[in-house]
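With this note's numbering, letter number 230 in the sequence shown gets 223, and the count goes up by one each step, no holes.
Idealized CB from N, CA, C, for every residue including glycine.
Quick caveat, the model's predicted, so the values are computed rather than measured.
The structure appears right after this line, and notes come after that.
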Amino acid sequence: MKQMSSKGNMKDKVMKVIGKISNSRHMVALRDGIAQAVPLIVIGSVFMIIGQFPIQGYLKFMAHTFGPHWNVVIQQITYASFDLMGLIAVIGISYNLTKSYGDVAPLPAALVAMCGFFLTIPFTMHKDGTFWIPLDQLGSTGLFIAIIIGLFLTDLYVWMVHKKITIKMPASVPPAVSDSFTALFPGFFCLLLVWVIRMGVSFTPIETIPNLMQFIFKPLSVVGTSLPGALICEFLVSFLWIFGIHGANVVSGVMTAIWLAAMQQNAVAFAAHKALPNIVTQQFFDNFVHIGGSGATLGLAIMMIMFAKSDEYKTLAKLEIAPAFFNINEPLVFGFPVVMNPFIAVPFIVAPLLNVLITYFAMASGIVAKTIGIMVPWTTPAIISGYLATGHISGAVLQVVLIAVDSLVYVYFFKKADKRKVQAQMANAKKAETQA
-6 MKQMSSKGNM
4 KDKVMKVIGK
14 ISNSRHMVAL
24 RDGIAQAVPL
34 IVIGSVFMII
44 GQFPIQGYLK
54 FMAHTFGPHW
64 NVVIQQITYA
74 SFDLMGLIAV
84 IGISYNLTKS
94 YGDVAPLPAA
104 LVAMCGFFLT
114 IPFTMHKDGT
124 FWIPLDQLGS
134 TGLFIAIIIG
144 LFLTDLYVWM
154 VHKKITIKMP
164 ASVPPAVSDS
174 FTALFPGFFC
184 LLLVWVIRMG
194 VSFTPIETIP
204 NLMQFIFKPL
214 SVVGTSLPGA
224 LICEFLVSFL
234 WIFGIHGANV
244 VSGVMTAIWL
254 AAMQQNAVAF
264 AAHKALPNIV
274 TQQFFDNFVH
284 IGGSGATLGL
294 AIMMIMFAKS
304 DEYKTLAKLE
314 IAPAFFNINE
324 PLVFGFPVVM
334 NPFIAVPFIV
344 APLLNVLITY
354 FAMASGIVAK
364 TIGIMVPWTT
374 PAIISGYLAT
384 GHISGAVLQV
394 VLIAVDSLVY
404 VYFFKKADKR
414 KVQAQMANAK
424 KAETQA
């Protein structure tokens, strides 16, 4: 008994630590900062669909109507939105992190972080003497640098402000002017630090900071876009949810940069009509693994609608079935409940893991098209999202198969849980009659 109590205490401590990490100011700033890039990524994806819609009749019509290079003009909107996710992320991360401290103006800090991010990028000088910035470094390729700059440079900036290493202006000076002078010394030292690191790296065989980041994070990228990596990540998402911790937020805080980079690599290859390099991308999880939300609970919601006999689950099924089609499952996770429920935890873990395996091998074998790098909003219903994410009907068919598999995984466990609810309902009714 004492040993079980000790194990329980250890589990509670581990969950408490994970909870603290997932809700720490840096993780929240990272998550929220990248999230602020999502609307522009979606906008860029929409115009990518318009420019590369995978129907030959449409492409021929557009080329005949607007000329052979019509989609080049459309792609400019993609370049100005989708391909700036790194730049947007560094501003968003820095702004949110500074704001979380509550006593430092966030906008000057975010602008310093943005300048620091630009300072890491190797400019290209052309023969006419003009300098060019490689656009890919402002997108997902530069996302790791954006995260590091957004977190660490901002912390240095805030630390210097807290230590009063600033120019103090009189109280009569307007806040906008005062904040700009406050940023002077911290901004100078932050940018000087980035410049020193840049110059130091330039004297090594690696030559540039982007090359250094690629060297450091390449193993993580390889693992993150592999089948074992996808299985581990998905297991963690479901496992943490069982203890009431938003597993997707915890895992995405680390892995989103990798999956977005893989997504953009596919987008570039698709636009160039080349073979798509990656199977595991952000859309792999959003549109094929998490059908109905974490735990692939659309299958559970369907089984509840079809087979629920208890009043409680009948009511919950009516409330959850519509949100489930839009991949929103909090009512189910906390209402069923999935949280702290070892019995339903089994299919909640197994169903999405099967989705990972089925989707991976279906795409690897060529039976189903890979995701083409379009950011389909995670709330897009299945079948529609499958077609848009892959640009092929096979993506929609795969989603139907996955929903059927998930339903079969959940049905046994749901019927058992429902039977217990019916028995409890009958016992309560009998007790009420006796008391009456």
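- Residue nearest to ILE36 within the set TYR72, HIS62, TYR51, VAL65 is TYR72 (criterion: CA-CA distance).
- Shown here for SER400: same chain residues with a beta carbon closer than 6 Å to its own, the five before and five after excluded, namely GLY292, ILE295, MET296 in chain order.
- Around the beta carbon of TYR405, fewer than 16 other beta carbons sit within 10 angstroms, so the residue counts as exposed.
- Between the alpha carbons of GLN416 and PHE336 lies a distance of about 17 Å.
- Counting along the chain, GLY85 sits inside the alpha helix (DSSP H) bounded by residues 78 to 94.
- Straight-line spacing of the CA atoms in ILE86 and LEU136 works out to 11 Å.
- Under the Cβ criterion (8 Å, minimum of three pairs), the region 270 to 287 counts as touching the region 349 to 363.
- Bounds of any alpha helix (DSSP H) do not take in LYS267, whose DSSP letter is neither H nor E.
- Scanning TYR150, PRO374, ILE199, ASN271 for the CA closest to the CA of PRO115 turns up ILE199.
- DSSP places MET368 outside both helix and strand once states are collapsed to three, so it counts as coil.
- Ranking PRO61, TYR150, GLY217 by CA distance to the CA of LEU185 puts TYR150 first.
- Collapsing the DSSP output to three states places PHE124 in a strand.
- Relative to the Cα of PHE181, the nearest Cα in the group THR147, ILE360, ALA264 belongs to THR147.
- A straight-line Cα-Cα distance of about 37 Å links ILE284 and ASN204.
- Note on geometry: alpha-carbon atoms of SER303 and TYR403 lie some 17 Å from one another.
- DSSP places LEU23 inside the alpha helix (DSSP H), whose first and last residues are 18 to 28.
- Counting only runs of 4 or more residues that sit fully inside the region 323 to 364, the alpha helix (DSSP H) segments are 323 to 328, 335 to 357, in chain order.
- The bridge partners DSSP lists for MET107 come to none.
- Of the residues ASN322, ALA22, GLU305, VAL39, the one whose Cα lies closest to the Cα of SER378 is VAL39.
- Rounded to the nearest angstrom, the gap between the Cα atoms of ILE272 and ALA362 is 9 Å.
- MET118 is bridged by DSSP to PHE124.
- A contact between stretches requires three or more CB pairs, one per stretch, nearer than 8 Å, and the region 57 to 71 fails this requirement with the region 103 to 120.
- Taking ARG191 as reference, the option from TRP125, MET206, LEU177, PRO179 with the minimal CA-CA separation is MET206.
- In this structure, PHE228 lies near LEU346, with their beta-carbon atoms less than 8 Å apart.
- With respect to the 8 Å criterion, ILE396 and THR383 are not classified as neighbours on the basis of their beta carbons.
- Under the three-state reduction of DSSP, SER219 is assigned to coil, being neither helix nor strand.
- Taking the C-beta atoms as reference points, GLY288 is found nearer than 8 Å to PHE341.
- Taking one beta carbon from each stretch, the region 94 to 113 and the region 128 to 143 have 3 or more pairs nearer than 8 Å; the two touch.
- Separation of ASN348 and THR373 (C-alpha to C-alpha, rounded to the nearest whole angstrom) is 18 Å.
- Of the candidates LEU128, ILE81, VAL170, PRO316, the residue whose Cα lies closest to the Cα of ALA98 is VAL170.
- Taking 8 Å as the cut-off, the beta carbon of GLY217 is found closer than this to the beta carbon of TRP252.
- Between the alpha carbons of SER219 and TRP234 lies a distance of about 23 Å.
- Shown here, GLU200 sits in coil according to DSSP, grouped into three states, outside any helix or strand.
- The beta-carbon separation of LEU104 and ALA22, rounded to 16 Å, does not stay under the 8 Å limit for a contact.
- Nearest to GLY109 by C-alpha distance, out of PHE263, ILE202, LEU269, ALA389, is ILE202.
- In the same chain as ALA260, and ignoring 5 residues on each side of it, the C-beta atoms closer than 6 Å to its own belong to GLY366, in chain order.
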